[in-house]
Amino acid sequence: MENEHYNFIKVWILAIISLCYCYYISSKLPKGIFKLFPLTPIFIFFLYLPLTISSVHLVGITAFFLSWLANFKLLLFCFDQPPLSPPPSNLFHFISLASLPIKLKQKTPSQNKSKPPQISILFAIKVIILALLYHCYSYKQNLHKNVVLAMYGAHVYIELELTLALAAIPARAMFGLEIEPQFNEPYLTTSLQDFWGRRWNLMVTSILRPTVYYTMRRISTRLVGSRWTSLPAIITVFVVSGLMHELMYYYVTRVAPTWEMTWFFILHGVAVAVEVLVKKVVPVKMRLHPVVSGAWAIGFHVVTAVWLFLPLLMRNGVDEKAIGEYCKLMDLLKGFLGTCLRSMQSFLFLGLTFWAGSVLVGHVSEWPAEHVALSTSSLGV
7 MENEHYNFIK VWILAIISLC YCYYISSKLP KGIFKLFPLT PIFIFFLYLP
57 LTISSVHLVG ITAFFLSWLA NFKLLLFCFD QPPLSPPPSN LFHFISLASL
107 PIKLKQKTPS QNKSKPPQIS ILFAIKVIIL ALLYHCYSYK QNLHKNVVLA
157 MYGAHVYIEL ELTLALAAIP ARAMFGLEIE PQFNEPYLTT SLQDFWGRRW
207 NLMVTSILRP TVYYTMRRIS TRLVGSRWTS LPAIITVFVV SGLMHELMYY
257 YVTRVAPTWE MTWFFILHGV AVAVEVLVKK VVPVKMRLHP VVSGAWAIGF
307 HVVTAVWLFL PLLMRNGVDE KAIGEYCKLM DLLKGFLGTC LRSMQSFLFL
357 GLTFWAGSVL VGHVSEWPAE HVALSTSSLG V
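The numbering of the sequence shown is this note's numbering, which starts it at 7 and goes up by one.
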């Protein structure tokens, strides 16, 4: 585990150096092929870096942040597109925007208010639920397979949301950046389009939209016309997302892909395209109530995830490896907290001893001289 932490730190030092190169060298070049060519080695390097790590959690974070998000952001950077263009005046802002799953919030007067307390409460509840899930895994051999899969589904959502939220804390704390949340309570979705476009992993949505969706819309407009151009663009976005998820899964398992994860996203892409098509044809008054369409969307997610997505976690032992890493982390934290507690007890004992001694000396110094003399004579002094 120590070697994994060392490799993780080394990978991120190399990534930061690479992003410094992008900032100082490529930002001086004109957009297009002249900027894309010198950044191509960085794209390849970021695809290679996760292969040097084997821990499920560490390789998952590194692959998602660098191989997917950073590469796509740098691709947009080559053509002077946000979020890295125009380049921030501060190098550390550039590195944060490129390597972390953050998107700057557009400030409006209504957004200057403090964070509602219910958001912090929801965050704490999700932390507790995640801890309970890890505890329940000790008894999963006594549970039905579908119950375990449902637990894994909740686990994937909560851990992903917490990881992305925690990753944004350094940028918010050090640079005071206002950052948009990456999840918007996806269990409250009203449709598949609402789920994928406005509620689930919004960082990926904001990256795939300019890189894939808009590009495909421009191409398909010439083929199917402007009215239906969004349909092939939507399906293409989900195909690319499926391939990138397949790559993320390969980094974690190092097993040849079976393409089930890709088919999961293709299926959802077709379903979203059909939903958009229905909305174009069916009048608003004849559409399903949001509660009904939302329930259908959640049901569709559950069925397809149990069929294609979640079994992959069990097939190659990813679940057992992740749970084992969590147990090691908990043991490490328990040992650290135990050491801290013992140190605090020692300091508290010494503090109380010093306080009691100082109080006693103070009382003795306030005694009258005849009391002191009496006390010393009684002791034979």
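Just so it is clear, CB atoms sit at the ideal spot from N, CA and C, and this is done for glycine as well.
Because the structure is a prediction, the values reported are computed rather than measured.
(message) Could you compute how far the alpha carbon of Pro115 sits from the alpha carbon of Ile185?
(response) Locating residue 115 in the sequence shown gives position 109, where the first residue counts as 1. Locating residue 185 in the sequence shown gives position 179, where the first residue counts as 1. Caution is warranted here: a pLDDT of 48 is assigned to Pro115, below 50, making its placement in the model unreliable, and the coordinate value is therefore given only provisionally. Roughly 15 Å separates the two Cα atoms.
(message) Considering only the alpha carbon of each residue, which of Arg293, Pro92, Met292 and Ile164 lies closest to Lys34?
(response) Here residue 34 refers to the residue found at position 28 when the sequence shown is read from its first residue. Answer by Cα proximity: Pro92.
(request) In angstroms with no decimal places, state the Cα-to-Cα distance between Arg293 and Lys286. (result) Residue 293 sits at position 287 when you count from the first residue of the sequence shown. Residue 286 sits at position 280 when you count from the first residue of the sequence shown. Near 11 Å, if we compare the C-alpha coordinates of Lys286 and Arg293.
(message) By alpha-carbon positions, which one of Ala179, Gln147 and Ala130 ends up nearest to Ile164?
(response) By one-based count along the sequence shown, residue 164 stands at place 158. Nearest of Ala179, Gln147 and Ala130 to Ile164, Cα basis: Ala130.
(request) Taking only the alpha-carbon atoms, compute the straight-line gap between Leu253 and Met350 and give it to the nearest angstrom. (result) As a position in the sequence shown, residue 253 is number 247, starting the count at 1. As a position in the sequence shown, residue 350 is number 344, starting the count at 1. C-alpha separation (whole angstroms): 47 Å.
(request) Could you check what DSSP says for Ile59 in three-state terms: helix, strand or coil? (result) Translated into the one-based positions of the sequence shown, residue 59 becomes position 53. If DSSP states are grouped into helix, strand and coil, Ile59 belongs with coil.
(message) For Ala137 and Leu25, which I take to be in contact (beta-carbon distance under 8 Å), what is that distance rounded to the nearest angstrom?
(response) Working through the sequence shown from its first residue, we reach residue 137 at position 131. Working through the sequence shown from its first residue, we reach residue 25 at position 19. Not a contact, Cβ separation roughly 34 Å.
(message) When you compare the CB positions of Leu53 and Val17, do they come within less than 9 Å of one another, or not?
(response) The residue labelled residue 53 in the question sits at position 47 within the sequence shown. The residue labelled residue 17 in the question sits at position 11 within the sequence shown. Not closer than 9 Å, so no.
(message) Checking 9 Å against the spacing of the C-beta atoms, do Leu110 and Cys84 come in under that value?
(response) Taking the first residue of the sequence shown as position 1, residue 110 is located at position 104. Taking the first residue of the sequence shown as position 1, residue 84 is located at position 78. Cβ distance not < 9 Å, so Leu110 and Cys84 don't count as in contact.
(message) Check this for me: beta carbons of Gly248 and Ile272, under 9 Å apart or not?
(response) Counting from 1 along the sequence shown, the entry for residue 248 is found at position 242. Counting from 1 along the sequence shown, the entry for residue 272 is found at position 266. In this structure, Ile272 lies closer than 9 Å to Gly248 by Cβ.
(message) When you compare the CB positions of Ile59 and Asn13, do they come within less than 9 Å of one another, or not?
(response) Your numbering for residue 59 matches position 53 in the sequence shown. Your numbering for residue 13 matches position 7 in the sequence shown. The answer is yes: Cβ separation under 9 Å.
(request) Quick one: give me the first and last residue of the alpha helix (DSSP H) that Ser95 is part of. (result) Locating residue 95 in the sequence shown gives position 89, where the first residue counts as 1. Counting along the chain, Ser95 falls outside any alpha helix (DSSP H), and DSSP gives it neither H nor E.
(request) Within the same chain, show all residues whose beta-carbon is closer than 8 Å to that of Thr413, passing over the 5 residues directly before and after it, in chain order. (result) Shown here, the chain extends from 7 to 387; a query on residue 413 therefore has no answer.
(request) Enumerate in chain order the residues of its own chain whose CB-to-CB distance from Val243 is below 6 Å, with the five nearest sequence positions on each side excluded. (result) Your numbering for residue 243 matches position 237 in the sequence shown. Cβ within range, chain order: Leu214, Val218 and Tyr219.
(message) In whole angstroms, give me the CA-to-CA distance for Arg223 and Pro238.
(response) Position 217 of the sequence shown holds residue 223. Position 232 of the sequence shown holds residue 238. Going from the Cα of Arg223 to the Cα of Pro238 covers about 8 Å.
(request) Decide yes or no for the touch test of the segment 316-329 against the segment 254-261: beta carbon pairs closer than 8 Å, at least 3 of them. (result) yes
(request) Quick one: grab the DSSP three-state call for Leu106. (result) Along the sequence shown, one-based indexing puts residue 106 at 100. Looking at Leu106 - three-state DSSP - the assignment turns out to be coil, as it is neither helix nor strand.
(request) Can you have a look at Lys334 and say buried or exposed, based on whether 16 or more other CB atoms are within 10 angstroms of its CB? (result) Numbered from 1 along the sequence shown, position 328 holds the residue referred to as residue 334. Classification for Lys334: exposed.
(request) Name, in chain order, the residues that DSSP records as bridge partners for Ile185. (result) For this step, residue 185 is matched to residue 179 along the sequence shown. Paired residue(s): Leu110.
(request) Give the straight-line distance between the Cα atoms of Ser120 and Val230, rounded to the nearest whole angstrom. (result) In the sequence shown, the residue the question calls residue 120 occupies position 114. In the sequence shown, the residue the question calls residue 230 occupies position 224. In this predicted model, Ser120 has a pLDDT of only 47, less than 50, meaning its place in the structure is not dependable; the value taken from the coordinates is given anyway. Going by the C-alpha atoms only, they are around 47 Å apart.
(message) Distance check for Val284 and Val290, CA to CA, integer angstroms please.
(response) Taking the first residue of the sequence shown as position 1, residue 290 is located at position 284. Taking the first residue of the sequence shown as position 1, residue 284 is located at position 278. Roughly 10 Å between the two C-alpha positions.
(message) Quick check on the burial criterion: 16 or more other C-beta atoms within 10 angstroms. Buried or exposed for Glu167?
(response) Here residue 167 refers to the residue found at position 161 of the sequence shown. By the 10 Å Cβ count, Glu167 comes out buried.
(message) I need the straight-line Cα distance from Ile15 to Gly300, nearest angstrom please.
(response) Your numbering for residue 15 matches position 9 in the sequence shown. Your numbering for residue 300 matches position 294 in the sequence shown. Between Ile15 and Gly300, the C-alpha separation is close to 42 Å.
(message) Considering Cα atoms alone, identify which of Ile48, Trp269, Ser73 and Pro47 is closest to Leu57.
(response) The residue given as residue 57 occupies position 51 in the sequence shown. Checking every option, the nearest Cα to that of Leu57 belongs to Ser73.
(request) Indicate the three-state DSSP secondary structure (helix, strand or coil) for Asp86 in the structure shown. (result) Taking the sequence shown and counting its residues from 1, the one referred to as residue 86 is at position 80. Three-state result, Asp86: coil.
(message) So, at 6 Å on beta carbons, what are the nonlocal neighbours of Ala328 in its own chain, with the 5 sequence-adjacent residues on each side left out?
(response) Here the question's residue 328 lines up with position 322 in the sequence shown. Val62, listed in sequence order.
(message) Please report the straight-line C-alpha distance between Glu266 and Tyr256, rounded to a whole angstrom.
(response) Translated into positions along the sequence shown, residue 266 becomes position 260. Translated into positions along the sequence shown, residue 256 becomes position 250. Roughly 12 Å between the two C-alpha positions.
(message) Quick check on the DSSP output: what are the complete alpha helix (DSSP H) runs of length 4 or more inside the segment 194-222, in order along the chain?
(response) 198-204 and 208-214
(message) DSSP three-state label for Pro47, please.
(response) The count along the sequence shown starts at 1 and reaches residue 47 at position 41. Residue state, collapsed to three classes: helix.
(request) Would you tell me roughly how many angstroms separate the C-alpha atoms of Leu64 and Val288, rounded to the nearest one? (result) Against the sequence shown, residue 64 aligns to sequence position 58. Against the sequence shown, residue 288 aligns to sequence position 282. Cα to Cα, Leu64 sits roughly 47 Å from Val288.
(message) For a quick check, are the C-beta atoms of Met209 and Pro107 less than 9 Å apart?
(response) Working through the sequence shown from its first residue, we reach residue 209 at position 203. Working through the sequence shown from its first residue, we reach residue 107 at position 101. Cβ atoms of Met209 and Pro107: closer than 9 Å.
(message) For a quick check, are the C-beta atoms of Val297 and Gln199 less than 9 Å apart?
(response) Residue mapping note: residue 297 aligns to position 291 of the sequence shown, counting from 1. Residue mapping note: residue 199 aligns to position 193 of the sequence shown, counting from 1. No; because the gap between Cβ atoms is not below 9 Å, this pair is not in contact.
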